[in-house]
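Asks:
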Amino acid sequence: MKEGAPARPLLEAVALHKSYDAFSAVRGVNFSIAPNSYVTLLGPSGCGKTSILRMIGGFETVSSGLLELDGTSLAEVPANRRPVNTVFQSYALFPHLTVEDNVGFGLAYTRFDRATIERKVADALAMVELGPLARRRPRQLSGGQQQRVALARAIVNQPRLLLLDEPLSALDRRMRKDMQIQLKDLQRRLGMAFLHVTHDQEEAFALSDVIIVMNHGRIEQQGSPSDIYNRPATAYVADFIGGANRVGGRILEVANGADAVTATIETPLGRFTVPGVAGLKPGAAATLCVRPEQLAPAAHGAFDVTVTHQVFRGAEWLIEARAAGDLALGFVLRDGTLPAVGATVRLAFDPAHAWIAADAAPEA
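This is the structure in structure tokens:
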């Protein structure tokens, strides 16, 4: 590789499709995973994310398209010969085996001698901080400890890629947060690529270097957590990630700069000139996106709203309101006087912190 050239992806998917009879679960997706990265497939149930994971793991066949690992096609490689391991949602531990026997189960079918197997198992348990519990059985462990046993079993063979299928969904909120920290720390210490599937956006943001947002078998957007949150490519992403206020409108003008796009959009709330996604065209329908925390009461604001609900969230209030007839909006209030239900409030936002998104992702 030439100096300065980009590193080859560890895994690459090109025009990847998966169909079950007449139903298309995955519709021509393209993405890549860099070595030593933490990538999350994020989306609601039925969006195709688990089908992608299962195709990579070899548990489902690829209907069409290309999957390559380290530059080699996975098409003819059976699941047990792929340098890929999976951590399942259910953990899939053997209840009659000890922790160390669960972790070393797959190694028993290799050519490693007993001493090597014992060392690898001990190393894997140390990595997930479970060495002292090696002789216990799964029923004697907490949910978080069982999850770490499943992780140890998955990493004991040092796979090139670790697949995690909703691995934290069975844990309570507190344990889930603890495991998020442990998962990210483990990935950094191993220097291994993780591909994580979840519907939980908070989980995705806490763990990921790259998030791939999916909807109806297609990729809506992929990028860093910051890009996904602050610059949603579509109205769907703006709503799914953080619940942005979405105001439909029509593009009047577009200014394409060297590094950014700025557009003027006409909406029921007024006319605004704000940054936007690439590809906007004058006359096209688009969506103005403003996060609730970016809207604030102002004496000389841009528009009036009528308060409909107040939701206490501990450090702040979420105020739900209506504007321009029946347009639902939300804004955050951290201090100041709490407006009563039915009160009229004038709101404003900094145009630099709003965003214009496309109404839909382009067809594959």
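At position 355 of the sequence shown (counting the first as 1) the number is 355 in UniProt numbering, and the numbers step up by one without a gap.
Cβ atoms here follow ideal geometry from the backbone N, Cα and C, with glycine treated the same way.
In this structure, how does DSSP classify K281 when only helix, strand and coil are distinguished?
Replies: Residue state, collapsed to three classes: coil.
Asks: Which ranges would you report for the alpha helix (DSSP H) in the region 10 to 58 if only whole runs of at least 4 residues count?
Replies: DSSP runs (the alpha helix (DSSP H)) wholly in the region 10 to 58: 49 to 57.
Asks: Work out the CA separation of R231 and Q201 for me, nearest whole Å.
Replies: About 16 Å.
Asks: Which of helix, strand or coil does DSSP assign to R8?
Replies: Of the three classes helix, strand and coil, the one that applies to R8 here is coil, per DSSP.
Asks: Distance check for L171 and D178, CA to CA, integer angstroms please.
Replies: The alpha-carbon atoms of D178 and L171 are separated by roughly 10 Å.
Asks: If you draw a straight line from the alpha carbon of residue 369 to that of I251, how long is it in whole angstroms?
Replies: Because the chain is modelled from 1 through 364, residue 369 falls outside the range shown and cannot be assessed.
Asks: Report buried or exposed for Y91, applying the criterion of at least 16 other Cβ atoms within 10 angstroms of its Cβ.
Replies: That one is buried.
Asks: Could you check what DSSP says for A348 in three-state terms: helix, strand or coil?
Replies: In this structure, A348 counts as strand in the three-state DSSP scheme.
Asks: Tell whether a beta-carbon distance below 8 Å holds between I17 and S64.
Replies: The question names Ile, but residue 17 in the sequence shown is His. Against a cut-off of 8 Å, the Cβ pair of S64 and H17 comes out as a contact.
Asks: Quick one: grab the DSSP three-state call for residue 384.
Replies: The chain is shown from 1 up to 364; residue 384 falls before or after that span and cannot be answered.
Asks: Taking the runs of the beta strand (DSSP E) that are 3 residues or longer, which of them lie wholly in the region 222 to 258?
Replies: Fully enclosed beta strand (DSSP E) runs of 3 or longer: 245 to 256.
Asks: In its own chain, which residues sit with a C-beta less than 6 Å from the C-beta of D335, not counting the 5 before and 5 after it?
Replies: Correct list: empty, nothing qualifies.
Asks: Can you check which of these residues, G325, D70, Q146, L161, is closest to residue 395 by C-alpha distance?
Replies: Summary: the structure shown does not reach residue 395, with the chain confined to residues 1 through 364, and so no result is reported for it.
Asks: Could you have a look at H309 and say whether DSSP puts it in helix, strand or coil?
Replies: Here H309 sits in strand by DSSP.
Asks: Pick from T50, A25, I56, A22: whose alpha carbon is nearest that of S32?
Replies: Measuring from the Cα of S32, the nearest candidate turns out to be I56.
Asks: Is the separation between the beta-carbon of A193 and that of N36 shorter than 8 Å?
Replies: Yes.
Asks: Residues in the same chain with beta-carbon distance under 7 Å from L318, minus the five sequence neighbours each way, listed in chain order, please.
Replies: Cβ within range, chain order: P292, V311, G330, V332.
Asks: To which residues of the same chain is A124 closer than 7 Å at the C-beta, ignoring the five residues directly before and after it?
Replies: These residues qualify, in order along the chain: V103, A152, I155, V156.
Asks: Indicate whether the contact test is met: 3 or more Cβ pairs, each with one atom in the region 238 to 247 and one in the region 283 to 291, closer than 8 Å.
Replies: Contact holds: three or more Cβ-Cβ distances are below 8 Å.
Asks: By the three-class DSSP mapping on this structure, what secondary structure does E220 have?
Replies: In the structure shown, E220 sits in a strand (DSSP, three-state: E or B).
Asks: What is the rounded straight-line gap between the Cα of D359 and the Cα of H216?
Replies: If you take the alpha carbons of D359 and H216, they lie about 15 Å apart.
Asks: Taking DSSP's pairing of strands, which residues face T116 in a bridge?
Replies: BP columns for T116 are empty, so no partner.
Asks: Just to confirm the assignment, what range does the alpha helix (DSSP H) spanning R153 have?
Replies: Here the alpha helix (DSSP H) through R153 covers 143 to 155.
Asks: Using the Cα positions of Q222 and M127, report the straight-line distance between them to the nearest angstrom.
Replies: For Q222 and M127, the distance between alpha carbons rounds to 30 Å.
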